[in-house]
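See structure below.
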Amino acid sequence: MNGLEPRDRYAELALDLLRLLFGDAFARDFGVKLWNGTIVTACGPLARFTLHIKHPAALREMLRRPVDLGGGRAFVAGLIDVEGDLELAIDALLQVTAVDTLRAFRIMSLARRLPRSPIALLREARLHGRAHTLERDRAAIGFHYDLPIEFYQTFLDDSLTYSCAYFDEGIETLDAAQRAKIDHIFRKIRLERNERILDIGCGWGGLVVRASSVFGARATGITLSEPQFQEARRRVAAEGARADVRLCDYRELKDETFDKAVSVGMFEHVGRRNLKTYFKAAFAALRPGGLFLNHGIANQNVSTRDNAERSFIGRFIFPDGDLLRISEALRIAESVGFEIRDVENLRQHYVRTLAMWVASLERNRERAISVAGEQTYRAWRLYMAGSAQGFRSGRLGLYQVLLGRPDNTGSLDIPATRRDIYRAPIESFERRTV
519 MNGLEPRDRY
529 AELALDLLRL
539 LFGDAFARDF
549 GVKLWNGTIV
559 TACGPLARFT
569 LHIKHPAALR
579 EMLRRPVDLG
589 GGRAFVAGLI
599 DVEGDLELAI
609 DALLQVTAVD
619 TLRAFRIMSL
629 ARRLPRSPIA
639 LLREARLHGR
649 AHTLERDRAA
659 IGFHYDLPIE
669 FYQTFLDDSL
679 TYSCAYFDEG
689 IETLDAAQRA
699 KIDHIFRKIR
709 LERNERILDI
719 GCGWGGLVVR
729 ASSVFGARAT
739 GITLSEPQFQ
749 EARRRVAAEG
759 ARADVRLCDY
769 RELKDETFDK
779 AVSVGMFEHV
789 GRRNLKTYFK
799 AAFAALRPGG
809 LFLNHGIANQ
819 NVSTRDNAER
829 SFIGRFIFPD
839 GDLLRISEAL
849 RIAESVGFEI
859 RDVENLRQHY
869 VRTLAMWVAS
879 LERNRERAIS
889 VAGEQTYRAW
899 RLYMAGSAQG
909 FRSGRLGLYQ
919 VLLGRPDNTG
929 SLDIPATRRD
939 IYRAPIESFE
949 RRTV
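Counting from 519, one number per residue, gives the positions in the sequence shown under my numbering.
Structural data, given as structure tokens:
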């Protein structure tokens, strides 16, 4: 221990609790700072973060059940902080919270000797009505996506593509990786000039603009977020894209037919109860022989099922989010008539994407706080670092699933092999048709 020694009994209790909680990793893999000036320096060669306990009640609040939500509240409220690698700190905490009953009892007994601290009102989602009705889904989407666009600009690429990027060979920048992801999707659905493509959950319009301006397709995007709708329409107009954007839900699609359809990062909002309705809507929107690519996160932890209302992510980031096993999603897609043609897990790509988002958010900390507030900055920093840990550890997967609606002969507009997906880089349709 370097620096000041503990000067009060709560500081001594906090250090005893950290030693009990982390065992040999304490003061080896990470350092500690306490509210009273005490500093414990890490001695291990791989130490990459310092845990800053800013209040005597911080550890008691952090360990409240469920720990995921209690720890998140303590972090967002500023009772605890991490200087350095936040993803590594989350990984360390997750490893030690799954303890045996006797040790858990000792930990909680010690935590209860620390003082209480009423946490100030935080921005938590507390939605009303039955989950995944259209009205409640609008509220849930609004909670997450209706933050100022300037906040998203602090960590996303120039196109504001808010989903897993694709780091093909030689790609190093986030902008290039997001373009590569969109092109990878378009190759999978074999998008051609003048085809009609539907983007379910189009965000700020990056995909529909590229579908039109680079591929020459006629694109339609739908979103439930008013700010996304306005920005996507602005971008379409600025690019002169042959595209339209609508403020509506997949359940509100009319009798229109598209050659191709995609859903990128929207699947997580649908919910188990509505999943069949979702796939039915996509199926109905396609012409016979058409293709649908669904890009979404899956729960790969077979021993758990998400409880969104009692999780940090559910309260602070994605209210009503629901992560399914990929096997569940495929079974339901098949039940409505889809044929499964390709399944790819891109979870390693999401680790890298999230690392870039966190680094950019941290670099732009002051701007993010000025436009969205410190609570939002802290919540999103924790959410993205925790998500990176989930994909790195394999708790989470990111699946691109290519589905087809066979015609009445059983045929689909797709080659017999995947060779064409990995052909030469995409060029604009103007140059390809000269």
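In this text, a Cβ means the ideal position worked out from N, Cα and C, and glycines have one as well.
- Taking F797 as the centre and dropping the five residues before and after it, the same chain places the C-beta of I850, A851, V854, F856 closer than 7 angstroms to its C-beta, in chain order.
- In this model, Y940 and F810 are separated by some 19 angstroms (Cα to Cα).
- If you draw a straight line from the Cα of T679 to the Cα of T894, it comes to about 20 angstroms.
- In this structure, the straight-line span from the alpha carbon of F801 to that of R923 is close to 7 angstroms.
- In chain order, M902, A903 place their CB closer than 6 angstroms to the CB of V876, counting only its own chain and leaving out the 5 sequence neighbours on each side.
- The Cβ atoms of L606 and R566 sit closer than 7 angstroms to each other.
- Contact between the stretch 577 to 592 and the stretch 649 to 667 is absent, with fewer than three C-beta pairs closer than 8 angstroms.
- Around the beta carbon of T935, a 10 Å sphere encloses fewer than 16 other beta carbons of the protein chains shown; the residue is thus reported as exposed.
- Ranked by Cα distance from R641, the first of M874, A906, Y917, F836 is F836.
- Straight across, the Cα-Cα distance linking R527 with G555 is about 14 angstroms.
- Annotation: the continuous beta strand (DSSP E) that includes E857 extends over 857 to 863.
- Linking G588 to R656 through their CA atoms gives a straight-line distance of about 27 angstroms.
- Taking the Cβ atoms as the reference, I667 lies roughly 6 angstroms from E749, within the contact range of under 8 angstroms.
- Unbroken alpha helix (DSSP H) runs of no fewer than 4 residues, entirely contained in the stretch 582 to 619, are found at 585 to 594, 604 to 615, following chain order.
- The alpha-carbon of S911 is positioned some 10 angstroms away from that of S905.
- Nearest in C-alpha terms to L916, of all of L628, Y684, D675, is Y684.
- Straight through space, the alpha carbons of R937 and I740 are spaced by roughly 31 angstroms.
- Taken in chain order, the complete beta strand (DSSP E) segments of 3 or more residues contained in the stretch 722 to 791 are 736 to 741, 761 to 765, 776 to 782.
- The DSSP-derived three-state label of K699 is helix.
- Here Y917 is bridged, per DSSP, to G814, N863.
- Linking P745 to V726 through their CA atoms gives a straight-line distance of about 16 angstroms.
- I571 is positioned such that its CB atom lies closer than 7 angstroms to that of I598.
- Contact annotation: T568 and E601 have beta-carbon atoms nearer than 7 angstroms.
- For F567, the enclosing beta strand (DSSP E) begins and ends at 567 to 571.
- By the CB criterion at 7 angstroms, A779 and A803 fall inside the cutoff.
- A straight-line Cα-Cα distance of about 31 angstroms links G590 and K699.
- With contacts defined by Cβ atoms closer than 7 angstroms, I858 and L842 do not form a contacting pair.
- Shown here for R790: same chain residues with a beta carbon closer than 8 angstroms to its own, the five before and five after excluded, namely D840, L842, E846 in chain order.
- The C-alpha of S635 is placed about 22 angstroms away from the C-alpha of I831.
- By the C-beta criterion, the stretch 770 to 779 is judged to be in contact with the stretch 712 to 723, since at least 3 inter-stretch pairs fall below 8 angstroms.
- Under the DSSP definition of a beta bridge, L552 partners with I571.
- S730 places its beta carbon less than 7 angstroms from that of R760.
- With a beta-carbon spacing of about 7 angstroms, L645 and D838 fall inside the 8 angstroms limit used to define contacts.
- With fewer than three CB-CB distances shorter than 8 angstroms, the stretch 883 to 898 does not count as touching the stretch 861 to 872.
- With 16 or more other Cβ atoms from the protein chains shown falling within 10 Å of its own Cβ, V558 counts as buried.
- In the displayed model, L536 falls within a helix according to three-state DSSP.
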